[in-house]
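Per this note's numbering, residue 16 is the first one in the sequence shown, and the count goes up by one each step. Note that the Cβ used here is the ideal one computed from N, Cα and C, for glycine as well. Have a look at the structure below before the remarks.
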Amino acid sequence: MSTPSMPTLHYRLVISNGEPNSVAVSSNGLVGVAVAVDPKQDNGLAMFFDTDGTLVGSITAGALPDMITFTNDGTKALVANEGEPDDDYVVDPVGSVTVIDVSDTTSLTATQVGFTSFNSQMATLEANGVRIFGPGATVAQDLEPEYIAVAGDDSTATIVMQENNAVATLDLSTNTITGIHALGFKDYSTLSLDLSDRDGGVNFQSWDNVKGMYQPDAMTSFVASDGITYYVSANEGDARDYDGYSEEERADDLSLDATSFPNGVSDADLGRLKTTTADDCGDTDGDGDIDFICSYGARSFSIWKYDSNGDFVQVWDSGDEVEHLMAVNDQWLNSYTGSRNDDKGSEPEGVITGEFAGKTLAFVALERSGGVMIYDVTNPAYPFFVQYVYMHDHVSPEAMAFVSGADSPNGAPMLIVANEVSGTVAVLQPLI
């Protein structure tokens with residue numbers, strides 16, 4: 016990376032004993048890799064390398080290690096073990112987080128942190144809005160850690176559980192889960208969204224009795240000028256869809272309440288919107304029909320924080336801005352087709368923050384529409400749009416890394432973007 020416009024391959028890591036799902040580099044230069052094995056319901060690995068590619072240690076993680084990160088001081092590695100079931104939904108391992116002490120790489124130690132202690136609290140969690148709905152699953156089996164964001168002072172980590180539309184708080188001094196917080200719904204009646212792929216083009220409108228579950232994929236954190244750690248989520252959305260069990264339904268297959276939907280739904284409006292009936296979502300009065308439609312994701316990114324009571328609360332959400340910016344931006348691949356409107360829209364997938372010119376910027380990767388949106392989040396309560404960067408030859412951005420100007424070889428910050436479908440890496444820099 017000494018010449019950002021012409022990167023050269025330094026070395027290639029070959030993982031022969033599993034499938035690498037995630038990679039992270041600590042502040043001390045340790046490279047961590049989360050490795051799933053076959054079958055993925057078995058416990059995977061966390062592997063550690065130095066910056067020359069030499070293996071320095073490996074330790075057992077949980078089932079399906081999906082993401083790895085480090086604390087800011089580099090002394091601990093954290094692995095989100097999703098614990099997905101097999102396709103028949105017969106074997107369903109528990110979800111967990113592996114906390115690894117990497118302060119001495121010659122003697123790695125790990126603590127497996129699970130959710131078994133919450134099994135007796137299923138009814139309370141469900142009443143609070145946590146989605147627990149796998150066939151016959153306990154709370155520990157149903158919760159599926161997807162992503163981890165560490166607080167600025169390394170005191171806690173926030174664990175994203177996408178399918179469950181919730182986060183958990185991990186106390187890093189005791190390695191225990193201290194709380195599980197539902198993320199709630201986003202009301203589409205106050206927004207302007209296009210929710211059909213069969214309406215002939217752009218057709219933004221508000222939708223009564225339709226709500227989106229936030230269901231973030233990635234989450235990152237930053238410390239604002241007020242000293243508070245804020246969390247930024249990319250609200251992609253995701254459904255459970257297996258041979259043995261699927262929660263997915265089209266809206267026109269639902270039994271809709273006649274008062275909420277007096278005209279029913281059609282393909283040109285809500286009929287093809289993907290939704291769920293799991294846990295009777297949307298049946299507010301318990302009479303067997305759907306009073307509001309529950310859809311996947313929020314087509315946005317959000318900023319959150321812990322309040323004085325320890326609750327995880329939303330500070331700001333981008334509303335319908337992402338979808339509107341995509342619709343008017345003629346650089347989008349094949350222009351605006353609306354082909355994902357019935358699904359989850361642009362699907363904000365990845366998010367990272369970085370400092371530039373005294374400002375805190377959030378970079379949001381859009382998996383379906385492509386490209387990266389840049390927002391100024393210096394004031395977490397009042398972010399604003401800065402730029403949309405579309406990369407024509409780079410399809411489906413998945414993960415990003417930010418390199419500060421101080422660490423950049425040419426003094427300009429770098430945003431490094433890994434793109435899943437095209438199998439490419441893009442390097443972005445500001446013109447300074």
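Annotation for Ala-313: Lys-201, Gly-227, Tyr-229 and Asn-250 place their beta carbon closer than 6 Å to its own, counting only its chain and skipping 5 residues before and after. The three-state reading of DSSP puts Asn-434 in strand, counting E and B together. In this structure, DSSP gives Met-21 a state outside helix and strand, which the three-state scheme calls coil. The stretch 400-410 and the stretch 433-445 touch, with no fewer than 3 CB-CB distances between them shorter than 8 Å. Beta-bridge partners assigned by DSSP to Phe-130: none are found. By the criterion of at least three beta-carbon pairs nearer than 8 Å, the stretch 82-98 is in contact with the stretch 163-175. Contact annotation, Ala-49 with Pro-80: C-beta distance approximately 4 Å; criterion of less than 8 Å satisfied. Taking Ser-419 as the centre and dropping the five residues before and after it, the same chain places the C-beta of Gly-369, Glu-370 and Pro-428 closer than 7 Å to its C-beta, in chain order.
Cβ-Cβ distances below 6 Å link Val-280 to Ala-266, Asp-267 and Gly-286 in the same chain, with the five nearest sequence neighbours on each side left out; the list follows chain order. In the same chain as Thr-75, and ignoring 5 residues on each side of it, the C-beta atoms closer than 6 Å to its own belong to Asn-58, in chain order. Burial state of Pro-150 is exposed, judged by a 10 Å Cβ sphere holding fewer than 16 other Cβ atoms. For His-196, the uninterrupted beta strand (DSSP E) run begins and ends at 191-197, by DSSP. Around the Cβ of His-196, a 10 Å sphere holds 16 or more other Cβ atoms; the residue is buried. Looking at the backbone, the Cα of Gly-259 and that of Gln-56 are separated by about 15 Å. Secondary structure note for Met-228: its beta strand (DSSP E) is the uninterrupted segment 225-228.
Residues Asn-224, Asp-272, Ser-275, Gly-297, Asp-298, Thr-299 and Asp-300 of the same chain have their beta carbon placed closer than 7 Å to that of Asp-306, with the five preceding and five following residues left out of the count. With respect to the 8 Å criterion, Val-401 and Leu-376 are classified as neighbours on the basis of their beta carbons.
Here Met-341 is not near Ser-310, since their CB atoms are 8 Å or more apart.
Looking at Tyr-405, Thr-131, Ile-318 and Ala-95, the one whose alpha-carbon comes closest to that of Gly-334 is Ile-318. A distance of 8 Å or more separates the beta carbons of Arg-146 and Glu-99. In the displayed model, Ser-315 falls within a strand according to three-state DSSP. With fewer than 16 neighbouring CB atoms inside 10 Å of its own CB, Pro-277 falls in the exposed class. Counting every other CB atom within 10 Å of its CB across the protein chains shown gives Ile-30 a total below 16, marking it as exposed. Taken through DSSP and simplified to helix, strand or coil, Val-343 comes out as helix. At the C-beta level, Asp-209 and Phe-219 come within 8 Å of one another. Taking C-beta atoms as the reference points, Pro-445 and Met-16 fail to come closer than 8 Å.
Nearest to Val-117 by C-alpha distance, out of Val-442, Val-343, Ser-42 and Asp-332, is Ser-42. Remark: C-beta atoms of Asn-96 and Val-112 approach each other more closely than 8 Å. Per the C-alpha coordinates, the member of Lys-374, Gln-136 and Gly-44 positioned closest to Ser-240 is Lys-374.
In the three-state scheme derived from DSSP, where H, G and I count as helix and E and B as strand, Thr-139 is classed as helix. Phe-130 is positioned such that its CB atom lies closer than 8 Å to that of Gly-110. Bounds of the alpha helix (DSSP H) holding Ala-155 are 154-157. For Tyr-246, the secondary structure class from DSSP, reduced to helix, strand or coil, is strand. Counting the other Cβ atoms within 10 Å of the Cβ of Leu-288 gives 16 or more, which makes it buried. Per DSSP, reduced to three states, the secondary structure at Thr-205 is helical.
Cβ contact annotation for Ser-204 (same chain, cutoff 8 Å, sequence separation greater than five): Ser-221, Trp-222, Asp-223, Asn-224 and Val-225, in chain order.
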